[in-house]
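Taking the UniProt record's numbering, the leading residue of the sequence shown gets 1, the next gets one more, and so forth. Data first, discussion second: the structure below is written as structure tokens.
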Amino acid sequence: MPPALSDHDSSGEEEIPPVKKGKMTKQAKPVEEVEENEDQEEADDEYIVERIMGHKFVKGELVFNVKWQGYDDPKDQTWEPEANMAGAIDVMNEYFDELGGRPEPKGPGKRKGRPSGANKSGSGTPASTAKRVKQDREWSPPHGSWEDDVDYIDTVEEKVDPRTGELSKFAYLVWKNDKKTQHPLKHIYQKCPQKMLLYYESHLVFTQTHESLNGDDDSMKDVY
Numbered sequence: 001m002p003p004a005l006s007d008h009d010s011s012g013e014e015e016i017p018p019v020k021k022g023k024m025t026k027q028a029k030p031v032e033e034v035e036e037n038e039d040q041e042e043a044d045d046e047y048i049v050e051r052i053m054g055h056k057f058v059k060g061e062l063v064f065n066v067k068w069q070g071y072d073d074p075k076d077q078t079w080e081p082e083a084n085m086a087g088a089i090d091v092m093n094e095y096f097d098e099l100g101g102r103p104e105p106k107g108p109g110k111r112k113g114r115p116s117g118a119n120k121s122g123s124g125t126p127a128s129t130a131k132r133v134k135q136d137r138e139w140s141p142p143h144g145s146w147e148d149d150v151d152y153i154d155t156v157e158e159k160v161d162p163r164t165g166e167l168s169k170f171a172y173l174v175w176k177n178d179k180k181t182q183h184p185l186k187h188i189y190q191k192c193p194q195k196m197l198l199y200y201e202s203h204l205v206f207t208q209t210h211e212s213l214n215g216d217d218d219s220m221k222d223v224y
């Protein structure tokens, strides 16, 4: 005979656990609303490269110091690898024109060792030489006009542009800080047109004629 049911068991109703107090979960948003918000966030995060302020090589990779449009504080400038500059090809090409071509990483330096006798006897020291080489590598032409920075234009020659494979004219500049660079001639017309004019004037060839403009010299008498 089965055991008798207790009052609790014979009630026929299950006990409902008390509701726990806590934070309500957020209601899931419709798919359309989520996609719209994501598109809006992507649009808000879009930045435009205004200018390249400089460059360096990190483990052989070209990295640019970028100024972003609408952000004038130097603290907002960032270093961006070339892979991130796909949307700023024109800005990169303009920067390369200012440098006279695409910068290339320097070759590996010589192994460190004891200074040679020549270095000991010379006026310069290895430390000062290394510092000077580093300064030369980091220097780049200034932005804006070059009129006050260029000493003179040394020469102009036509050669094959390695970027386009076509013949182009290049000007060789000597700067007041003794640096020497080359740039496309069309870029010089914009950056330092007065220096370009002085170069042309210095290469003009003047000829003198002995014939009188009014026809009173001896050569004109034979005509009559």
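Note that CB positions come from ideal geometry on N, CA and C, so glycine has one too.
query: Between which two residues does the beta strand (DSSP E) holding residue 59 run?; result: From DSSP, residue 59 is part of no beta strand (DSSP E); its letter is neither H nor E.
query: Using beta-carbon positions only, say whether residue 149 and residue 172 come within less than 9 Å of one another.; result: no
query: In the DSSP assignment, what residue or residues form a beta bridge with residue 177?; result: In the DSSP output, where bridge partners are listed per residue, residue 177 has none listed.
query: On the three-state DSSP scale, how would you describe residue 193?; result: helix
query: Output the distance between the C-alpha atoms of residue 98 and residue 208, rounded to the nearest integer angstrom.; result: 41 Å
query: Would you call the segment 75-88 and the segment 43-58 in contact, with 3 or more CB pairs under 8 Å?; result: yes
query: In three-state DSSP terms, what is residue 172?; result: strand
query: Leaving out five residues before and five after residue 191 in sequence, what residues of the same chain have Cβ atoms less than 7 Å from its Cβ?; result: 145, 146
query: Could you name the residues of the same chain whose beta carbon sits closer than 7 Å to that of residue 95, not counting the 5 residues immediately before and after it, in chain order?; result: 52
query: Considering only C-alpha positions, which residue in the set 193, 181, 106, 151 is nearest to residue 60?; result: 106
query: Check residue 92 in the structure and name its three-state DSSP category.; result: helix
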